[in-house]
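Visitor: For reference, the structure I am asking about is given below.
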């Protein structure tokens, strides 16, 4: 994944039903899958794995005004105090570290390498949901690479589980970003640790803080 102005992001391939069904078959509810690798959807180019040193330092807000105008906005300076430079009362970001620190690896280019006029890859996921072309909800969150998990769970909560924004934000957090399964500390999810470990899942119980911002249109 990288700036779509520089590489062809295979959106249709990623959303293809056959591809998604094949990826689903990899997942087992009874065992942990070690060394799972990314897929190759139709239209994907061959690149090496991204290498970055980005750190979470992000804010998110959603607003709907009396006229129905809506915005879901994620803003980041990348690391604490960004570049440590201020202009016009704003801290300038340090988003260059969201690019890969290496342009290529093993003789192959990295898609998210630094190039002029290029946008770095990001986990930011400001989301606006429409139902029958009408505004339904807005959601988003800070949280670095956890953002995608936080926002996905909020969308599932609003649409599939029919929860209101308060109930969604009260849900405990859990995720797996490729290395181990994370369960939120001091929540009911801690009770799942023993069973998940028996299935082979490496577990980390830790504090999770999403900062989810949600607005749901009523009526």
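Residue numbers (our numbering): -11 to 207.
The C-beta atom is built at its ideal place from N, Cα and C for all residues, glycine as well.
These figures come from a predicted structure and were not determined experimentally.
1) Consult DSSP for residue 210 and reduce its assignment to one of helix, strand or coil.
2) Count the other CB atoms within 10 Å of the CB of residue 125; is the residue buried (16 or more) or exposed (fewer)?
3) Can you give the Cα-Cα distance for residue 11 and residue 73, rounded to whole angstroms?
4) Determine the closest residue to residue 18 out of 32, 192, 205 and 183, with distance taken between C-alpha atoms.
5) If residue 63 and residue 47 are in contact, beta carbons under 8 Å, what's the gap, nearest whole angstrom?
6) When DSSP builds the beta bridges, which residues end up paired with residue 63?
7) With distance defined between alpha-carbon atoms, name the residue in 91, 119 and 85 nearest to residue 110.
8) Grab me the residues of residue 82's own chain with a C-beta within less than 7 Å of its C-beta, minus the 5 sequence neighbours each way, in chain order.
9) Can you tell me which of the three DSSP states residue 28 falls into?
10) Would you list the one or two residues that DSSP bridges to residue 162?
11) May I have the straight-line CA-CA distance separating residue 138 from residue 161, to the nearest angstrom?
12) What does the alpha-carbon distance come out to for the pair residue 186 and residue 120?
Guide: Put simply:
1) Nothing about residue 210 can be read from this structure; the chain reaches only from -11 to 207.
2) Against the chain shown, residue 125 aligns to sequence position 137. Around the beta carbon of residue 125, 16 or more other beta carbons sit within 10 angstroms, so the residue counts as buried.
3) Reading the chain shown from its first residue, position 23 is the one you call residue 11. Reading the chain shown from its first residue, position 85 is the one you call residue 73. Distance between the alpha carbons of residue 11 and residue 73: 44 Å.
4) By one-based count along the chain shown, residue 18 stands at place 30. The residue among 32, 192, 205 and 183 with its C-alpha nearest the C-alpha of residue 18 is 183.
5) Along the chain shown, read from residue 1 onward, the residue named residue 63 stands at position 75. Along the chain shown, read from residue 1 onward, the residue named residue 47 stands at position 59. So it is a contact: roughly 5 Å between Cβ atoms.
6) Here the question's residue 63 lines up with position 75 in the chain shown. In DSSP, residue 63 forms a bridge with 47.
7) Numbered from its first residue, the chain shown carries residue 110 at position 122. Ranking the options by Cα distance to residue 110, first place goes to 85.
8) Here residue 82 is taken as the residue at index 94 of the chain shown, counted from 1. So the list reads 65, 66, 67, 70 and 71, once near-sequence residues are dropped.
9) For the purposes of this step, residue 28 is taken as residue 40 along the chain shown, with counting starting at 1. Residue 28 carries a coil assignment under DSSP once its states are collapsed to helix, strand and coil.
10) Stepping through the chain shown from its first residue, residue 162 is reached at position 174. According to DSSP, which records beta bridges pairwise, residue 162 is partnered with 171.
11) Locating residue 138 in the chain shown gives position 150, where the first residue counts as 1. Locating residue 161 in the chain shown gives position 173, where the first residue counts as 1. In this model, residue 138 and residue 161 are separated by some 7 Å (Cα to Cα).
12) Position 198 of the chain shown, counting from 1, holds the residue named residue 186. Position 132 of the chain shown, counting from 1, holds the residue named residue 120. Cα to Cα, residue 186 sits roughly 44 Å from residue 120.
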